[in-house]
Amino acid sequence: MRKVYTVFEFFLSLVLIAVGILVFYSGYFGRSPESTFILPIGAVFLVSGVLVLGYAIRSQVWHRRMMRERPLPSTGPMPDWSDLR
27 MRKVYTVFEF FLSLVLIAVG ILVFYSGYFG RSPESTFILP IGAVFLVSGV LVLGYAIRSQ
87 VWHRRMMRER PLPSTGPMPD WSDLR
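With the first letter of the sequence shown counted as 1, position 51 gets the number 77 in this note's numbering; the numbers rise by one all the way through.
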């Protein structure tokens, strides 16, 4: 069975998205020549956060589907009560 790290993945994705937005914002509105180098770094953080969030959501959906489709444990064949009178 696959391990579910969704809490860690959600936290990591939120941090990456927040850092990506902040770096992207500072690179976009920066007036220095380094802002052209900072802008792609912010975009990388932002895209990484969105990808990790997508994997976390997919993992959670997969886990819920597997838990829902799990068969009940069987205790053996059902007894035939039709011959009892």
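Cβ atoms here follow ideal geometry from the backbone N, Cα and C, with glycine treated the same way. Small disclaimer: the values here were computed from a predicted structure and weren't measured.
DSSP places Arg-94 within a helical segment (H, G or I) once states are collapsed to three. Ser-85 and Leu-65 have their C-alpha atoms some 30 Å from each other. In this structure, Gly-75 sits away from Gly-53, with a CB-CB distance that is not shorter than 7 Å. If you check the CB distance, Val-78 and Ser-39 come in under 7 Å.
Classified as exposed, Leu-48 has fewer than 16 neighbouring CB atoms from the shown chains inside 10 Å of its CB.
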